[in-house]
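Visitor:
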Amino acid sequence: MCGIIGYAGPKNIESILLVGLERLSYRGYDSSGIAIISDGELSYWKKTGKIRELEKMLRNLSIKGSIGIGHTRWATHGEPNEMNAHPHLGPNKKVAIVHNGIIENFSVLKEELIKNGHIFRSDTDTEIVAHLIESYMDLGLVQAVESATTHLKGSYAIAAIAEAEPDKIVVCRHGSPLIIGLGKGENLVSSDINAILPHTKQIVLLEDDELAVITPSKVTYKIINGKAITKKSQHIRWDALTQEKSGYETFMLKEIFEQPNVIRQLISKMVVADKQIKLKHIKLGQKDLASITRIIIQACGTSWHAGLYTKYLMENYARILTEVDISSEFRYRQMLTHGNDVVLALSQSGETADTLACLREAKSKYFKVLALVNVKGSSIDRESDGVMYSYAGQEVGVASTKNYVAQLVAMYLFSLHMGRIKKLISPQELAEKISEIKRIPDHIEHILAQTDKIKAIAKKYANSQEFLFIGRGVNYPSALEGALKLKEISYIHATGYPAGELKHGPIALIDSKLPVVCIAPKTHTYEKMLSNIQEVRSRKGRTIIVASESDTELPKYADDLITIPDVSEDLTPILVAVPLQILAYEIATQLGCDVDQPRNLAKSVTVE
Ligand code: F6R
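Numbering follows my numbering, in which position 3 of the sequence shown is assigned residue number -15; successive positions increment by one, without gaps.
1. What's the gap between the Cα of Asn243 and the Cα of Glu414?
2. Within the structure, which residues are defined as neighbours of the ligand F6R by a Cβ-heavy atom distance below 5 Å, reported in chain order?
3. Rounded to the nearest angstrom, what separates Ser472 and Leu562 at their Cα positions?
4. For Trp220, count neighbouring C-beta atoms within 10 Å of its own C-beta (all shown protein chains included) and say buried if the count is 16 or more, exposed if not.
5. Taking the DSSP output, what are the residues bridged to Cys500?
6. Going by beta carbon distance, what residues of the same chain come within less than 8 Å of Phe239, once the five residues before and after it are set aside?
7. Could you pull the DSSP bridge partners for Trp27 from this structure?
8. Quick one: grab the DSSP three-state call for Glu551.
9. Identify every residue that forms a DSSP beta bridge with Glu192.
10. Looking only at its own chain, which residues have a Cβ that is under 7 Å from the Cβ of Thr319, when we skip the five neighbours before and after it?
11. Could you name each continuous alpha helix (DSSP H) segment of 4 residues or more that falls completely within the region 398 to 478, going from the start of the chain to the end?
12. Using only alpha-carbon positions, find the residue among Ser158, Ile143, His428 that is nearest to Val152.
13. Could you give the residue range of the alpha helix (DSSP H) that holds Ile489?
14. Sort Lys236, Asn42, Gly267 by Cα distance to Asp578 and report the nearest one.
15. Grouping DSSP H, G and I as helix and E and B as strand, with all else coil, what is Arg5?
16. Which ranges does the alpha helix (DSSP H) cover as unbroken runs of at least 4 residues, wholly within the region 303 to 366, from first to last along the chain?
17. Which runs of the beta strand (DSSP E), 3 residues or longer, sit entirely within the region 262 to 294?
18. Less than 6 Å between C-beta atoms, sequence neighbours within five positions excluded: which residues of the same chain meet that for Arg524?
19. Using a Cβ-Cβ cut-off of 6 Å (strictly less than) and excluding sequence neighbours within five positions of Ile501, which residues of its own chain qualify?
20. What is the DSSP secondary structure of Lys150, reduced to helix, strand or coil?
21. Only counting the same chain, and skipping five residues up and downstream in sequence, which positions put a Cβ closer than 8 Å to that of Pro(-8)?
22. Buried or exposed: where does Glu568 fall if 16 or more other Cβ atoms within 10 Å of its Cβ makes it buried?
23. Whole angstroms is fine: what's the gap from Glu535's alpha carbon to Lys469's?
24. By alpha-carbon positions, which one of Ala353, Tyr539, Ser532, Lys538 ends up nearest to Ile546?
25. My guess is that Leu188 and Leu160 are in contact by the Cβ rule of under 8 Å, so how many angstroms apart are they, rounded?
26. Starting from Ala126, trace the alpha helix (DSSP H) both ways and give me its first and last residue.
27. What residue does the alpha helix (DSSP H) around Tyr508 start on, and which one ends it?
28. What does a CB cutoff of less than 7 Å around Pro555 pick up in its chain, not counting 5 residues either side in sequence?
29. Assign Lys467 to buried or exposed, taking buried as 16 or more other Cβ atoms, counted over all protein chains shown, within 10 Å of its Cβ.
30. Going by beta-carbon coordinates alone, are Ala344 and Thr337 separated by less than 8 Å?
31. Look up Ile33 in the DSSP assignment and give the residues it is bridged to.
32. Please go through the same chain and pick out, in chain order, the residues whose beta-carbon is closer than 6 Å to the beta-carbon of Ala17, but skip the five residues on each side of it.
33. Could you round the C-beta distance between Asp190 and His156 to whole angstroms and report it? I think they count as a contact, below 8 Å.
34. My guess is that Ser372 and Ala300 are in contact by the Cβ rule of under 8 Å, so how many angstroms apart are they, rounded?
35. By Cβ distance below 8 Å, which residues in the same chain neighbour Thr30 in space, the five residues on each side in sequence not counted?
36. Report yes if the C-beta distance between Ile403 and Leu271 is below 8 Å; otherwise report no.
What follows is the structure in structure tokens.
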């Protein structure tokens, strides 16, 4: 987590660092800071809260300098306050660093340094690194950084500046990303390409255990504590992503409303002539794909929910045994392989640390690794053997909306493709299914037109203390996703359950105060859902039912009813996702929550 930006050049350094931090704020936004060397003197500013707080603080200062670093934080060690915000300084304030990652042996190092007389100002692991670097400054900044790293266990991307060498930024990485941007008379470094692209499209990806020395006129590279190396730059073909709300109050609302077009675009990329599915970047031939005997899906959070959905489809259409694992669990278990296993990583950002670690571990055990990502050029994109894109465009709102729906559609098409390759689906069936999914964007538009109605329902329940979401089969993941959306942006406790599990425990929660969101479109478990809804009602639970439009039975049992157009069972989760996003959104805004940047969260989880 956390975002790093560094700039060496003649332009307005304050503005470059602040704009960079804004672009990185999806990686964390609980505090931020910058450090600059001006006239040979190191100065720094830090502020708790969103980047705009730092911006306000700097507004009337005229900051000059040609070397600077900045950081936006997602707290790991130490609470999010000014003292713990980056940059961190050495004891004599002659060195400043920003850091992304976790120093796992920090308490041992801290104890040793305290014994040697060091006094610390913060609770962070990062400050130890600043102290170590400053203690080695007799060797010069590059060697000081290198020597400091010999003490570190864990993951890090570090950018360091020092008063004694005011013309450079020294950066290095081990386990956390760093990208160098090569400009004309200026150079940059950042955790993300997107913060660099407004300045230059020529980039260099720093690899693990490499170090770079950045000055306005050049960048040199070496292995940490090793020899000098040369690195090739690459030209990025896409433009810097823009972050415009386009008239919407929030990014999340904008992204919810973008969904019809996102799906149209995705289908146009994945479907040829209305009858064939093409996977341009998958790099495995039909024979290889047909020989897959097991798919192990790796993902976290919302992407994990998309993975659960994929299991139903892949087993149904392609008869391929599919397991779905939360990456932070899978990576610490035995990865047993038999036959032709493939690991499939699902990730919006392509940078989620646990998913990336699983992918690397799986590759080291000779699994083939495929991925579905949204962010091109991300680590998971680069490191997978074959990739699919969800083509959702930039998702700024921390709660995933349009990418989730795009993941479902992409995995639906991928499963059909696998079924077709294995000759389990006929060309005609495939064409019919493609024709049906092409109508999904219109159906979503129809649901979006019900926003005011869902808003009224949200108003009614906004003060509830908790919610239960239930669903079955393909809509069990929908229940999990509905609950996650609500809790992450409204801070109301919500749990998703497979409806059949109610009687094994959660039914004890039901009373007249508990809203139960019952996801019950027409599917083959519809009758079972009906019984579960009766069980909820018998215990006076308040039912918000999501049903198919043609259903005449369920309205009788609904305190509140939300309908979705009638579609085949496997497409229902794609439609169900939309009203549940709106419900969560409207409840959260009723409560005055910051839906785009909810507390404690970050868009991209780049630490374990
Ligand atoms: C929730 C949400 C998160 C992410 C999770 C994985 O709305 O967005 O749960 O889904 O952190 O992120 P990616 O998909 O980037 O790997």
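Positions of the beta carbon are idealized from the N, C-alpha and C atoms, including for glycine.
Guide: A quick look at the data gives this:
1. Position 261 of the sequence shown, counted from the start, is the residue given in the question as residue 243. Position 432 of the sequence shown, counted from the start, is the residue given in the question as residue 414. If you draw a straight line from the Cα of Asn243 to the Cα of Glu414, it comes to about 21 Å.
2. Cys282, Gly283, Thr284, Ser285, Ser329, Gln330, Ser331, Thr334, Ala381, Ser382, Val587
3. Stepping through the sequence shown from its first residue, residue 472 is reached at position 490. Stepping through the sequence shown from its first residue, residue 562 is reached at position 580. For Ser472 and Leu562, the distance between alpha carbons rounds to 13 Å.
4. Against the sequence shown, residue 220 aligns to sequence position 238. Exposed is the call here.
5. Here residue 500 refers to the residue found at position 518 of the sequence shown. Ile452, Ile527, per the DSSP bridge assignment.
6. The residue you call residue 239 lines up with position 257 of the sequence shown. Excluding sequence neighbours, Phe239 sits near Tyr230, Leu430.
7. Here residue 27 is taken as the residue at index 45 of the sequence shown, counted from 1. Under DSSP, Trp27 takes part in a beta bridge, and its partners are Ile16.
8. The sequence position of residue 551 within the sequence shown is 569, counting from 1. Glu551: helix per DSSP, three-state reduction.
9. In the sequence shown, residue 192 corresponds to position 210, counting from 1. BP columns for Glu192 point to Arg155, Ile205.
10. As a working mapping, residue 319 is identified with position 337 in the sequence shown. So the list reads Lys347, Phe349, once near-sequence residues are dropped.
11. 409 to 419, 422 to 430, 433 to 443, 458 to 472
12. As a first step, residue 152 must be located in the sequence shown, where it is residue number 170. Looking at the Cα atoms, Ile143 is the closest of the given residues.
13. As a first step, residue 489 is located in the sequence shown; it is residue number 507 there, counting from the start. No alpha helix (DSSP H) contains Ile489, which DSSP labels as neither H nor E.
14. By 1-based counting over the sequence shown, the position of residue 578 is 596. When each option's Cα is compared against that of Asp578, the closest is Lys236.
15. Taking the first residue of the sequence shown as 1, we reach residue 5 at position 23. Residue state, collapsed to three classes: helix.
16. The region 303 to 366 is shown to contain whole alpha helix (DSSP H) runs of 4 or more residues at 309 to 312, 335 to 346, 361 to 365, in chain order.
17. 276 to 281
18. Sequence index remark: in the sequence shown, residue 524 carries index 542 (1-based). Here the set comprises Pro497, Asp541.
19. Locating residue 501 in the sequence shown gives position 519, where the first residue counts as 1. Same-chain partners within the cutoff: Gly453, Asn457, Ser460, Ala461, Val528, Val558.
20. Taking the first residue of the sequence shown as position 1, residue 150 is located at position 168. In this structure, Lys150 counts as strand in the three-state DSSP scheme.
21. To locate residue -8, count along the sequence shown from 1; it is residue 10. Closer than 8 Å at the Cβ level, and outside the excluded window around Pro(-8), lie Ser48, Gly167, Glu168, Pro198.
22. Locating residue 568 in the sequence shown gives position 586, counting from the first residue. Counting Cβ neighbours within 10 Å, Glu568 comes out buried, since at least 16 surround it.
23. Your numbering for residue 535 matches position 553 in the sequence shown. Your numbering for residue 469 matches position 487 in the sequence shown. Answer to the nearest angstrom: the Cα atoms are 30 Å apart.
24. Looking up residue 546 in the sequence shown gives position 564. Looking at the Cα atoms, Ser532 is the closest of the given residues.
25. To locate residue 188, count along the sequence shown from 1; it is residue 206. To locate residue 160, count along the sequence shown from 1; it is residue 178. About 4 Å separates the two Cβ atoms, so the contact holds.
26. Translated into the one-based positions of the sequence shown, residue 126 becomes position 144. That run of the alpha helix (DSSP H) goes 123 to 131.
27. Position 526 of the sequence shown, counted from the start, is the residue given in the question as residue 508. That run of the alpha helix (DSSP H) goes 508 to 520.
28. Here residue 555 refers to the residue found at position 573 of the sequence shown. Excluding positions up to five away in sequence, the list reads Tyr291, Leu390, Val456, Asn457, Pro459, Ser460.
29. As a working mapping, residue 467 is identified with position 485 in the sequence shown. Classification of Lys467: buried, given that the 10 Å Cβ count is 16 or more.
30. The residue given as residue 344 occupies position 362 in the sequence shown. The residue given as residue 337 occupies position 355 in the sequence shown. Against a cut-off of 8 Å, the Cβ pair of Thr337 and Ala344 comes out as no contact.
31. The residue labelled residue 33 in the question sits at position 51 within the sequence shown. Ile33 pairs with nothing; no bridge assigned.
32. As a first step, residue 17 is located in the sequence shown; it is residue number 35 there, counting from the start. Same-chain partners within the cutoff: Tyr26, Ile51, Pro69, Ala78.
33. Numbered from its first residue, the sequence shown carries residue 190 at position 208. Numbered from its first residue, the sequence shown carries residue 156 at position 174. About 5 Å separates the two Cβ atoms, so the contact holds.
34. One-based indexing of the sequence shown puts residue 372 at position 390. One-based indexing of the sequence shown puts residue 300 at position 318. Not confirmed; about 20 Å, so no contact.
35. The count along the sequence shown starts at 1 and reaches residue 30 at position 48. Within the same chain, Thr30 has close Cβ partners Asp12, Ser13, Pro62, Asn63, Glu64, Ala67.
36. Indexing the sequence shown from 1 puts residue 403 at position 421. Indexing the sequence shown from 1 puts residue 271 at position 289. Their beta carbons are under 8 Å apart, which means Ile403 touches Leu271 by this criterion.
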